[in-house]
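The next block holds one structure in the form of structure tokens; read it before the comments.
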Amino acid sequence: MTIFPFFIPHHGCLHRCVFCQQHRISGVSSAPTPAQVSQQLAAMLPAHGSGEVAFYGGSFTLLDNSLQRDYLACVAPFIRNGQVAGIRISTRPDACDAEVVASLKMAGVTTVELGCQSFSSEVLRLSQRGHGPRDAALSVAQLRNNGVRVGLQLMPGLPGGSFEEARASLTQALSLRPDFLRIYPTVVLAGTALENFWRQGDFVPLTLDEAVDLCAELLWYCRMAGMPVIRMGLQSSHELDSGSVVVDGPYHPAFGQLVRSRLWRRALEAAAMESVTRQVHVAFADLSDALGHRRANIDYLLQRFGSFDIVALDGVSRETFVMDGRCCDVMSQACYLQPLSTAAGSMHDGSPAFIGSL
Ligand code: SF4
-12 MTIFPFFIPH HGCLHRCVFC QQHRISGVSS APTPAQVSQQ LAAMLPAHGS
38 GEVAFYGGSF TLLDNSLQRD YLACVAPFIR NGQVAGIRIS TRPDACDAEV
88 VASLKMAGVT TVELGCQSFS SEVLRLSQRG HGPRDAALSV AQLRNNGVRV
138 GLQLMPGLPG GSFEEARASL TQALSLRPDF LRIYPTVVLA GTALENFWRQ
188 GDFVPLTLDE AVDLCAELLW YCRMAGMPVI RMGLQSSHEL DSGSVVVDGP
238 YHPAFGQLVR SRLWRRALEA AAMESVTRQV HVAFADLSDA LGHRRANIDY
288 LLQRFGSFDI VALDGVSRET FVMDGRCCDV MSQACYLQPL STAAGSMHDG
338 SPAFIGSL
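Just so we're aligned: 5 in our numbering is position 18 of the sequence shown, and the numbers increase by one with no gaps anywhere.
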């Protein structure tokens, strides 16, 4: 779906969560006025389309009521003209009660993204989110009852988090049956409270390799559950790539590809251990993920098995590969045997560390 995004950085937010710096992530210093939104939409929208106009980067449902109405009203004519199908907003999980959801629906909102981040009370407390793990369930129910699509955002690697907590949070998120997920491993951004914790030695983010491993596992569980993941990792931007915004942590401009490639590596390695040949055929569209970013997978597999070749071939289905004449499914081969946890605890079974109290 095509998204026409407008950023309202931190507008409506009750306070600043420890990890968040929307101005630097979006490169936008102030929110557009409703009149500016109207002007820009008139210039950018196609004559007909099924996309959504999105308001990201703040807590939309906590804006002044009149401003919410003005933003939504300025999109309405474009919905009536068939130039977009609806409106998407992002907000907090504790800011979508029945009244709010009903008015959003009336005004043309078709999708709401809730920044859950974690379902661990301790992680939410240490991240100074100001809401609990149960708020999302109520909001998701309200939205679904009103026929509004729901997306949930998760952030593995927050203070107090762990691999186990991330798995447990995913379990909770999946149990709410949203329409899609976004997964953003936590990075330390300049100008955040998290940067202070990090400078004081009180917070250690996931390494890039840990984040890729963890997110590959989370993605695998999502795929098994039939849950679309529409983004993994922060969207690359000039600001983020400049090196002045990301202080530490697993930011990579091609993070999503690193994660998909990690699943390919896991699948190819598992299959090769039961195979005599070291050549696989993949679909042309999968070749890049199979080889890995900068050929990291093929280098790994060459080191592991001595010889290895990945070749694109017409007729091979997406997300499968042919080895020794048999067709293998990537997700089946990449199987994670460890069952998903059902307790969103904070067990500190690995990075990231958080040493301190708030
Ligand atoms: S994470 Fe969401 S609620 Fe928290 S400061 Fe950022 S935009 Fe606001």
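Glycine is no exception: its CB is placed at the ideal position from the N, C-alpha and C atoms.
- By the 16-neighbour rule on beta-carbons within 10 angstroms, Ser105 is buried.
- Excluding five sequence positions before and after Arg136, the CB atoms of its chain that fall closer than 7 Å to its own CB belong to Thr97, Thr98, Asp166, given in chain order.
- Exclusion of the five residues before and after Phe242 leaves Met219, Gly220 as the residues of its chain whose Cβ lies within less than 7 Å of its Cβ.
- Here Gln320 carries a helix assignment [DSSP, helix/strand/coil].
- By the neighbour-count criterion, in which 16 or more other beta carbons inside 10 Å mark a residue as buried, Gly44 falls on the buried side.
- Taking C-beta separations shorter than 8 Å and ignoring five residues to either side along the sequence, the partners of Thr179 in its chain run Arg3, Val5, Phe6, Cys7, Gln8, following chain order.
- His10 has its CB no nearer than 7 Å to any heavy atom of the ligand SF4.
- Pro192 is not bridged by DSSP to any residue.
- Taken from the Cβ of Gly243, every heavy atom of the ligand SF4 lies 7 Å or farther away.
- Taking each of Pro(-8), Ala258, Asp84 in turn and checking the Cα distance to Asn132, the smallest one comes out for Asp84.
- By the Cβ-count criterion, Leu300 is exposed, with fewer than 16 other Cβ atoms from all chains shown falling within 10 Å of its own Cβ.
- Measuring C-alpha to C-alpha distances from Ser248 to each of Ala203, Ile217, Cys209, Asp228 identifies Ala203 as the nearest.
- Distances taken from the Cβ of His(-3) to the heavy atoms of the ligand SF4 include one shorter than 7 Å.
- By the neighbour-count definition (other C-beta atoms within 10 Å, threshold 16), Thr(-11) is an exposed residue.
- DSSP links Tyr43 through a beta bridge to Phe(-6).
- The Cβ atoms of Gly36 and Val62 do not sit closer than 8 Å to each other.
- Annotated three-state conformation of Gln222 is coil, per DSSP.
- A distance criterion of 7 Å places the beta-carbon of Gly119 beyond contact range of the ligand SF4, judged by its closest non-hydrogen atom.
- Take Leu274, set aside five residues on each side of it, and the residues of its chain with a beta-carbon closer than 6 Å to its own are Ala299, in chain order.
- When C-alpha distances from Phe292 are compared across Met260, Tyr323, Ser319, Ser53, the shortest belongs to Met260.
- For the 8 Å CB-CB criterion, Pro237 and Ala198 form a contact.
- Taking a 10 Å sphere around the C-beta of Leu324, we find fewer than 16 other C-beta atoms and assign the residue as exposed.
- Every beta strand (DSSP E) of 3 residues or more that sits fully in the segment 233 to 268 is shown, in chain order, as 233 to 235.
- Ala123 and Ala22 have their C-alpha atoms roughly 32 Å apart.
- Leu139 is positioned such that its CB atom lies no closer than 8 Å to that of Val110.
- Cβ atoms of Phe(-7) and Gly38 stay farther apart than 8 Å, at about 13 Å.
- For Ala299, DSSP records a beta bridge to Val269.
- Ser77 carries a strand assignment under DSSP once its states are collapsed to helix, strand and coil.
- Within the same chain, Cβ atoms closer than 7 Å to the Cβ of Leu278 are found at Asn284, Ile285, Ile297, the five residues on either side in sequence being excluded.
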